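Quick mapping for you: the protein sequence lines, in order, are chains U and E. Residue numbers for the first sequence, in this note's numbering: 1 to 104. Residue numbers for the second sequence, in this note's numbering: 1 to 175. Down below is the structure, laid out as structure tokens.
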Amino acid sequence: MTEIPLQHILFLSTALFFIGVYGFFTRKNMITMLMSVELILNSVNINFIAFNKYLFADKLDGIFFTIFIIVIAAAEAAVAIAIIINLYRSHKSIDVDETNEMKY
Amino acid sequence: MAPYFFYFLAFLAIFSALMVVFSKNPVYSVLFLVMTFFAIAGQYILLNAQFLAVVHIIVYAGAIMVLFLFVVMLLNLNKELEPHKSSLLKLAGVIASGILMLTLIGTFRGATEQVVGAGLSDGLTYNNQVGLVKNLGKVLFSDFLLPFELSSILFLSAMVGAVMLGKRDKEPIEL
Numbered sequence: 001m002t003e004i005p006l007q008h009i010l011f012l013s014t015a016l017f018f019i020g021v022y023g024f025f026t027r028k029n030m031i032t033m034l035m036s037v038e039l040i041l042n043s044v045n046i047n048f049i050a051f052n053k054y055l056f057a058d059k060l061d062g063i064f065f066t067i068f069i070i071v072i073a074a075a076e077a078a079v080a081i082a083i084i085i086n087l088y089r090s091h092k093s094i095d096v097d098e099t100n101e102m103k104y
Numbered sequence: 001m002a003p004y005f006f007y008f009l010a011f012l013a014i015f016s017a018l019m020v021v022f023s024k025n026p027v028y029s030v031l032f033l034v035m036t037f038f039a040i041a042g043q044y045i046l047l048n049a050q051f052l053a054v055v056h057i058i059v060y061a062g063a064i065m066v067l068f069l070f071v072v073m074l075l076n077l078n079k080e081l082e083p084h085k086s087s088l089l090k091l092a093g094v095i096a097s098g099i100l101m102l103t104l105i106g107t108f109r110g111a112t113e114q115v116v117g118a119g120l121s122d123g124l125t126y127n128n129q130v131g132l133v134k135n136l137g138k139v140l141f142s143d144f145l146l147p148f149e150l151s152s153i154l155f156l157s158a159m160v161g162a163v164m165l166g167k168r169d170k171e172p173i174e175l
């Protein structure tokens, strides 16, 4: 079985990372900005798993890093969505250009 | 067989990630992001992290994306918003992401041969059962016990914070 080269996996994660960065810069909707952040976190996860397999195949540290990144992403998404809902109640909009204050 | 799966999943992930960024309707963005997450879970299976693939599907596609979808529908965003994006912002995004991506890809192409297979060629016995739940559980509850407990505290504080931010406080609470 031919092995996939490591740099192809790195190309994939780099492409996903910068698609996420582009989305974070250009979208104005807060929810889609948050989804771009999730895309960035997932590209980093692919890097961790790939290096864990290719360099330290008998260890599990990369997998645990990825699990803790997923944990932090879940907590972050919950808090960010609470903030977004609160913002929508006071401003009736979640456009980042119109929300230049968060105190009601 | 595995390389074809890899390239198919990579194409699927990049295509649906582009559709996440470029589709105007936020509901389509969420659904394409779910597709991206399934493709990434397939990559995890190819990279011998089977338990992680299942956790990824459950947590992301099952929990976070459903939460996003509910919020998008709750806030009435399921129509074409964003009438015009400023082209200056698009140009800034293309420059900032594109140039750094080209730099990183050039770096990977140059510095690849020393790294690939450095651990595998050392005569390590390669165990493809390493990502299953038995091995993971043993290490998680011995070596990674402190981060595990700390992440549970993090979850508790995030839950309290989300409830506190999300509740309406129009009228003061009387005790």
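Every residue, glycine too, gets a C-beta built ideally from N, C-alpha and C. No experiment lies behind these values; they were computed from the predicted model shown.
How about residue i: is its C-beta nearer than 7 Å to some C-beta of chain U?
i         : result
Val66(E)  : no
Leu165(E) : yes
Leu104(E) : yes
Gly161(E) : yes
Phe15(E)  : no
Leu146(E) : no
Asp122(E) : The pLDDT assigned to Asp122(E) is 49, lower than 50, so where the model puts this residue is not dependable; a value taken from the coordinates is nonetheless given after this. Closer than 7 Å: no.
Leu154(E) : yes
Ala49(E)  : yes
Ala39(E)  : no
Would you tell me roughly how many angstroms separate the C-alpha atoms of residue i and residue j, rounded to the nearest one?
i         : j         : result
Phe37(E)  : Ser152(E) : 24 Å
Gln50(E)  : Gly110(E) : 31 Å
Val148(E) : Phe32(E)  : With the sequence shown as reference, residue 148(E) is identified as Phe, and Val is not the correct amino acid for it. Their backbone Cα atoms lie some 31 Å apart in a straight line.
Val130(E) : Ile95(E)  : 41 Å
Ser43(U)  : Tyr60(E)  : 14 Å
Ala10(E)  : Arg168(E) : 43 Å
Ala57(U)  : Met65(E)  : 31 Å
Ile4(U)   : Leu87(U)  : 46 Å
Gly62(E)  : Leu46(E)  : 21 Å
Ser121(E) : Gly93(E)  : Only weak support is given to the placement of Ser121(E): the predicted model assigns it a pLDDT of 49, under 50, and the value that follows is read from those uncertain coordinates. In a straight line, the C-alpha of Ser121(E) is about 41 Å away from that of Gly93(E).
Leu156(E) : Ala80(U)  : 15 Å
Ile85(U)  : Asn76(E)  : 12 Å
Ala74(U)  : Phe144(E) : 19 Å
Tyr44(E)  : Ile57(E)  : 11 Å
Val27(E)  : Ile63(U)  : 31 Å
Met1(E)   : Phe8(E)   : 11 Å
Gly123(E) : Leu55(U)  : Its pLDDT being 46, under 50, Gly123(E) is placed unreliably by the model, and the measurement read from it follows with that caveat. The straight-line gap from Cα to Cα measures roughly 12 Å.
Val139(E) : Ala77(U)  : 27 Å
Leu99(E)  : Phe141(E) : Residue identity differs from the one stated: residue 99(E) is Ile in this sequence, not Leu. Answer to the nearest angstrom: the Cα atoms are 43 Å apart.
Asn135(E) : Leu91(E)  : 48 Å
Thr5(E)   : Val163(E) : According to the sequence displayed, residue 5(E) carries Phe and not Thr. Those two C-alpha atoms are separated by around 42 Å.
Asp105(U) : Phe15(E)  : Any answer about residue 105(U) is impossible in this case: the structure gives chain U only from 1 up to 104.
Could one say the Cβ of residue i lies closer than 7 Å to chain E's Cβ atoms, at least one of them?
i        : result
Phe65(U) : no
Thr99(U) : no
Ile49(U) : yes
Ala80(U) : no
Which residues in chain E sit within 9 Å of residue i, going by Cβ to Cβ distance?
i        : result
Ile84(U) : Val71, Leu75
Ile94(U) : Leu75, Leu77
Mind pulling the chain U residues with CB within less than 9 Å of residue i?
i        : result
Asn10(E) : The question names Asn, but residue 10(E) in the sequence shown is Ala. Those within 9 Å of Ala10(E) in chain U are His8, Ile9, Phe11, Leu12, Ala15.
Val52(E) : According to the sequence displayed, residue 52(E) carries Leu and not Val. Residues of chain U passing the Cβ test: Asn45, Ile49, Ile63, Thr66, Ile67, Ile70.
Residues of chain E with CB closer than 8 Å to the CB of residue i, please, in chain order.
i        : result
Glu38(U) : Leu33, Tyr60, Ile64
Met35(U) : Val20, Ser29, Val30, Leu33, Phe68
Ile4(U)  : Ala2, Pro3, Phe6, Leu46
Below 7 Å on C-beta distance, what does residue i contact in chain E?
i        : result
Val44(U) : By Cβ distance, chain E contributes nothing, its closest Cβ being about 11 Å from Val44(U), past 7 Å.
Ile70(U) : Val55, His56, Val59
Please report the Cβ distance between residue i and residue j, rounded to the nearest whole angstrom; I am assuming they are in contact, meaning their Cβ atoms lie under 8 Å.
i        : j        : result
Phe35(E) : Phe18(U) : The sequence shown places Met at residue 35(E), rather than the Phe named in the question. With 8 Å as the limit, Met35(E) and Phe18(U) do not qualify as a contact, their Cβ atoms being about 19 Å apart.
Leu12(U) : Ile46(U) : 7 Å
Val71(U) : Ile40(U) : Not quite, the Cβ-Cβ distance comes to about 16 Å (not below 8 Å), so this is no contact.
Ile23(U) : Thr32(U) : Reading off the sequence shown, one finds Gly at residue 23(U), where the question assumed Ile. With a Cβ gap of about 7 Å, Gly23(U) and Thr32(U) count as contacting.
Leu16(U) : Ala13(E) : 6 Å
For residue i, return the contacting residues in chain U, with the cut-off set at a CB-CB distance below 7 Å.
i         : result
Gln43(E)  : Ile46
Phe108(E) : Gln7, Leu10, Phe11
Determine the chain U residues that contact residue i at a beta-carbon separation under 8 Å, and present them in chain order.
i         : result
Ser151(E) : Phe68, Val71, Ile72
Val130(E) : Ala57, Asp58, Leu60
Could you run through the region 88 to 101 of chain E and flag, in chain order, every residue whose CB is less than 9 Å away from some CB of chain U?
-> Taking 9 Å as the Cβ-Cβ cut-off, the region 88 to 101 of chain E approaches chain U at Leu89, Lys90, Ala92, Gly93, Val94, Ala96, Ser97, Gly98, Leu100, Met101, given in chain order.
Name the residues in the region 133 to 144 of chain E whose C-beta lies less than 9 Å from a C-beta of chain U; which are they?
Listed by position along the chain: Asn135, Leu136, Val139, Leu140, Asp143, Phe144.
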